[in-house]
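Chains as they are written, first to last, in our numbering: chain Z, 147 to 374; chain G, 70 to 373. Think of the CB as a built atom: it goes at the ideal place given N, C-alpha and C, for glycine as much as any other residue. Below you'll find the structure, written out as structure tokens, and then a few comments.
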Amino acid sequence: MKTDTELNNGNVNMARRSFLRYAGAGVAGIGLLGAASSCHKDHNVTPSGTIDVGSGDPGILNYAYALEQLEAAFYTQVIATPYSGMASVELSFLTDIRDHEVAHREFFKAALSTGAIQALTPDFSKIDFSNRTAVLGAAKTFEDLGVTAYDGVGYLIQNPAYLAIAGSIVSVEARHAALIGNLITFGNFASSDQVDATTGLNATNNPSTVLAAANTYLKTKVSARSFS
Amino acid sequence: MNLFNIIEEIEKVDPEFNDRISPRRDVIKNMSSFGSKVALAAIPFALGDLFKKAYGQAASSSVISVLNFALTLELLEATFYNTGMGTSGLVTDSAYIAQIQADENDHVKFLTSAITAAGGTPVTAASFTYLDFTGGGNGTAATNNGPFKTVFSNYQTFLAVAETFEDTGVRAYKGQAGNLLGNQTYLTAALAIHAVEARHASAIRYLRMSKYGATVLPWITSTASGSVDVSGAASNDTGVAAVNANYGGATPENTTVQGGVDITKLPSLEGSTTTVATATAAFDEPLTMAEVLAILVPAFAQPK
């Protein structure tokens with residue numbers, strides 16, 4: 147059982163210890179096996195160690211896989227070390243979201259098979275998991291970012307089956323985003339920083355914008371050189 | 070940001086720019102003719118929309134049909150919220166619902182101008198013989214005596230209908246994405262609206278659950294069925310059997326196989342498998358245009 151001192155510590159080492167303690171079989175790969183994974187993706191690793199998602203539809207699926215890995219790792223940590231004062235309804239919501247993101251991650255891993263990028267190592271050292279504001283703020287960032295990411299590359303997808311899958315996932319991410327917004331401030335489900343006040347359209351972002359933000363939470367950096 | 074400076078800069082490389090942003094259809098050119106002298110990504114979102122409108126790919130009649138289908142749904146939603154918000158004493162959470170109302174009305178305006186700019190004729194409220202939000206339309210007229218007859222007299226009924234409207238809107242947009250495959254302008258716009266409808270769906274569900282004790286979650290959580298749940302009985306998590314069809318169809322909400330992968334057989338934090346609840350909630354499913362129209366016509370709307 148964590149003491150308050152340990153919970154307030156919030157440094158990476160503490161987070162990783164408890165992460166490993168609570169991680170299930172499906173999640174243990176992140177960070178733990180990353181360094182030791184097979185080198186079948188050597189050609190996607192740049193000299194600086196950045197992982198490139200590749201090109202074409204597989205590149206887009208890997209891009210999605212990278213983001214889902216990040217989200218799954220984040221929520222796994224959130225549930226492993228719940229913030230102070232987490233209400234039971236919030237625990238229930240966040241556990242569901244965690245399970246959805248894990249399902250998304252495992253789906254891409256299975257669908258991409260040998261074409262999948264490696265397991266990524268997250269860096270959540272900037273997030274104080276003991277603090278509700280910090281955790282929900284990070285959650286909102288991840289969900290909002292995920293929505294803009296999927297919607298920003300939809301037009302690049304060539305295979306309609308993959309577009310259908312992306313469509314099936316992005317609306318769930320938007321449901322998550324709205325819920326997190328509501329947990330932060332009741333009524334903040336379609337905030338003007340995400341939904342244009344004139345057109346009512348959600349923002350979209352290209353991969354370089356998304357990855358610039360995502361990479362601040364990743365030790366293993368990701369690039370999408372073939373997409374703008 | 071000085072809009073006129075930007076336009077002046079663009080006119081240096083594209084003297085026809087002022088013509089492009091006017092609604093005159095005959096000067097709308099394909100985006101590729103503009104080149105890459107201005108980085109669209111560097112332009113703030115609202116102005117980006119203007120560019121997208123000006124340089125939108127010439128829309129085929131099928132793209133215009135998709136946009137008009139979307140506009141039809143937005144008109145229904147906007148009218149629904151406008152009527153509800155305009156009914157004295159009905160809506161208690163005014164600020165909350167007003168946001169959704171504003172978005173739907175914005176979607177109507179956006180799609181109307183997009184269709185016009187693309188050379189199409191947008192549907193309008195006058196395109197319907199009647200609208201009946203109680204679900205009681207008989208093909209000839211509204212009866213206002215359908216399964217949701219208290220939709221504008223009972224706030225909880227209003228919210229329940231709103232929830233299903235939003236869930237159905239999400240599925241309808243999703244079902245059209247394939248028809249816009251590869252279309253940077255219109256697919257991106259459709260996906261961007263689709264995301265907001267999903268936010269709305271989540272928001273209505275959260276409101277009903279957190280404030281009014283409804284047994285719903287922000288996401289659609291379904292149960293397994295032995296065969297394809299076309300009727301939607303196992304997929305529908307609203308507790309209102311009258312809307313089963315909204316959650317069913319050829320790809321019902323309780324679908325657990327995605328792209329050939331059985332989600333329930335994937336590992337989760339609970340173990341080597343994933344529950345049906347998680348597998349169904351983690352993915353939303355499309356409705357075809359025909360399925361949506363069958364749900365709406367003639368019960369809710371009758372086109373002229």
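Assign residue i to one of two classes, buried (16 or more other C-beta atoms within 10 Å of its C-beta) or exposed (fewer than that).
{"i": "Ala343/Z", "result": "exposed"}
{"i": "Thr320/G", "result": "buried"}
{"i": "Lys286/Z", "result": "buried"}
{"i": "Asp339/Z", "result": "exposed"}
{"i": "Gly329/G", "result": "exposed"}
{"i": "Lys121/G", "result": "At Lys121/G the pLDDT is 44, less than 50, meaning the model places this residue with poor confidence and gives no usable figure here."}
{"i": "Ala307/Z", "result": "exposed"}
{"i": "Gly104/G", "result": "Bear in mind that the predicted position of Gly104/G carries a pLDDT of just 34, short of 50, making it too unreliable to give a figure here."}
{"i": "Gly47/G", "result": "Nothing about residue 47/G can be read from this structure; chain G reaches only from 70 to 373."}
{"i": "Thr222/Z", "result": "buried"}
{"i": "Ser238/Z", "result": "exposed"}
{"i": "Ala350/G", "result": "buried"}
{"i": "Gly205/G", "result": "buried"}
Which residues in chain G sit within 9 Å of residue i, going by Cβ to Cβ distance?
{"i": "Gln304/Z", "result": "Leu250, Gly251"}
{"i": "Asn328/Z", "result": "Ser271, Ala272, Tyr275, Leu276, Ser279, Pro287"}
Nearest chain G C-beta to residue i closer than 7 Å, yes or no?
{"i": "Thr345/Z", "result": "yes"}
{"i": "Ala324/Z", "result": "yes"}
{"i": "Leu213/Z", "result": "no"}
{"i": "Ser369/Z", "result": "no"}
{"i": "Ala174/Z", "result": "Any reading at Ala174/Z needs caution, since the residue's pLDDT is 36, under 50, leaving its predicted position unreliable; the model's value is listed next. So no, Ala174/Z is outside the interface."}
{"i": "Phe254/Z", "result": "no"}
{"i": "Ala360/Z", "result": "no"}
{"i": "Phe165/Z", "result": "Residue confidence for Phe165/Z is low, a pLDDT of 43 falling below 50, so the modelled location carries little weight; the figure read from the coordinates is stated next. No, Phe165/Z does not count as interfacial toward chain G."}
{"i": "Tyr301/Z", "result": "yes"}
{"i": "Asp245/Z", "result": "yes"}
{"i": "Thr261/Z", "result": "First, the amino acid is wrong: residue 261/Z is Gly here, not Thr. Chain G, which has no Cβ nearer than 7 Å to the Cβ of Gly261/Z, makes this no."}
{"i": "Gly292/Z", "result": "no"}
{"i": "Val341/Z", "result": "yes"}
Residue i touches chain Z at which residues, Cβ-Cβ below 7 Å?
{"i": "Ala187/G", "result": "Going along chain Z, no residue has its Cβ under 7 Å from Ala187/G, so there is no contact; the nearest lies around 16 Å."}
{"i": "Pro372/G", "result": "By Cβ distance, chain Z contributes nothing, its closest Cβ being about 24 Å from Pro372/G, past 7 Å."}
{"i": "Val239/G", "result": "Ser317"}
{"i": "Ala229/G", "result": "Going along chain Z, no residue has its Cβ under 7 Å from Ala229/G, so there is no contact; the nearest lies around 18 Å."}
{"i": "Ala258/G", "result": "Leu347"}
{"i": "Ile184/G", "result": "Correct list: empty, because the minimum Cβ distance to chain Z is about 14 Å."}
{"i": "Thr343/G", "result": "Ala249"}
Are the C-beta of residue i and some C-beta of chain Z separated by less than 7 Å?
{"i": "Pro191/G", "result": "no"}
{"i": "Glu352/G", "result": "A small fix is needed here, since residue 352/G is Phe in this sequence, not Glu. Yes, contact with chain Z."}
{"i": "Tyr150/G", "result": "no"}
{"i": "Ile133/G", "result": "no"}
{"i": "Tyr165/G", "result": "yes"}
{"i": "Tyr275/G", "result": "yes"}
{"i": "Asn71/G", "result": "In this predicted model, Asn71/G has a pLDDT of only 39, less than 50, meaning its place in the structure is not dependable enough to derive any value."}
{"i": "Ala246/G", "result": "yes"}
{"i": "Ile332/G", "result": "yes"}
{"i": "Val361/G", "result": "no"}
{"i": "Asp175/G", "result": "yes"}
{"i": "Phe179/G", "result": "yes"}
Which bits of chain Z does residue i rub up against, with CB to CB less than 8 Å?
{"i": "Phe138/G", "result": "Neighbours of Phe138/G on chain Z: none; closest Cβ ~16 Å, over 8 Å."}
Run down chain G in chain order and give the residues with a C-beta less than 8 Å from the C-beta of residue i.
{"i": "Ala336/Z", "result": "Gln168, Ile169, Asp172, Val265, Arg268, His269, Ala272"}
{"i": "Asn208/Z", "result": "Simply none; closest approach about 15 Å."}
{"i": "Asp242/Z", "result": "Leu286, Trp288, Thr347, Ala350"}
{"i": "Gly333/Z", "result": "Ala164, Tyr165, Gln168"}
Cα-Cα, which of the options is closest to residue i?
{"i": "Lys243/G", "options": "Thr307/G, Arg277/G, Ser163/G, Leu142/G", "result": "Leu142/G"}
{"i": "Gly31/G", "options": "Asp331/G, Ser304/G, Ser196/G, Tyr281/G", "result": "Summary: the structure shown does not reach residue 31/G, with chain G confined to residues 70 through 373, and so no result is reported for it."}
{"i": "Ile297/Z", "options": "Thr257/G, Ile273/G, Ile332/G", "result": "For the record, residue 297/Z in the displayed sequence is Asp; it is not Ile. Checked all of Thr257/G, Ile273/G, Ile332/G; the closest Cα to Asp297/Z is Thr257/G."}
{"i": "Asp269/Z", "options": "Glu319/Z, Glu217/Z, Asn305/Z, Thr294/Z", "result": "Glu217/Z"}
{"i": "Thr347/G", "options": "Gly231/Z, Glu247/Z, Ala233/Z", "result": "Glu247/Z"}
{"i": "Gly247/G", "options": "Ala320/Z, Ala310/Z, Gly333/Z, Gly202/Z", "result": "Ala310/Z"}
{"i": "Tyr102/Z", "options": "Asn174/G, Met278/G, Ala261/G", "result": "One cannot answer for residue 102/Z here, as it falls past the ends of chain Z, which runs 147 to 374."}
{"i": "Ser130/G", "options": "Thr156/G, Leu145/G, Lys178/G, Gly189/G", "result": "Gly189/G"}
{"i": "Tyr295/Z", "options": "Ser354/Z, Phe220/Z, Leu240/Z, Ala219/Z", "result": "The sequence shown places Ala at residue 295/Z, rather than the Tyr named in the question. Considering only alpha carbons, the answer is Ser354/Z."}
{"i": "Glu214/Z", "options": "Gly202/Z, Leu329/Z, Asp245/Z, Ile225/Z", "result": "Asp245/Z"}
{"i": "Ile184/G", "options": "Leu140/G, Ala368/G, Gly308/G, Glu235/G", "result": "Leu140/G"}
{"i": "Gln168/G", "options": "Ser337/Z, Thr227/Z, Tyr211/Z, Val224/Z", "result": "Ser337/Z"}
Would you mind telling me which residues of chain G sit closer than 7 Å to residue i, beta carbon to beta carbon, in chain order?
{"i": "Ile311/Z", "result": "Gln327, Gly328"}
{"i": "Asn348/Z", "result": "Ala261, Ala264, Val265"}
{"i": "Ile315/Z", "result": "Phe352"}
{"i": "Arg321/Z", "result": "Ala267, Ala270, Ser271, Pro287, Trp288"}
{"i": "Asp297/Z", "result": "Thr257, Leu260, Ala261, Ala264"}
What does residue i reach in chain Z if we use C-beta pairs closer than 9 Å?
{"i": "Pro355/G", "result": "Ala310, Gly313, Ser314"}
- [ ] Could you say if the segment 347-356 of chain Z and the segment 285-298 of chain G meet the contact criterion of at least three C-beta pairs nearer than 8 Å?
- [x] Between the segment 347-356 of chain Z and the segment 285-298 of chain G, the count of Cβ pairs shorter than 8 Å is below three; the stretches do not touch.
Task: Cβ pair count under 8 Å reaching 3, the segment 239-254 of chain G against the segment 343-356 of chain G - done: Yes, the segment 239-254 of chain G is in contact with the segment 343-356 of chain G.
Open item on the list: Quick check: the segment 194-201 of chain Z against the segment 355-368 of chain Z, are at least 3 beta-carbon pairs closer than 8 Å?
Closed with: Using a Cβ-Cβ distance cut-off of 8 Å, the segment 355-368 of chain Z and the segment 194-201 of chain Z are in contact, since at least three pairs of beta carbons, one from each stretch, lie closer than that value.
Task: Three CB pairs or more closer than 8 Å across the segment 223-231 of chain G and the segment 262-279 of chain Z - done: They do not touch, by the three-pair rule.
Open item on the list: Under 8 Å, with one C-beta from each stretch per pair, do the segment 243-263 of chain Z and the segment 330-339 of chain G reach the 3-pair mark?
Closed with: Enough Cβ pairs lie closer than 8 Å, so yes.
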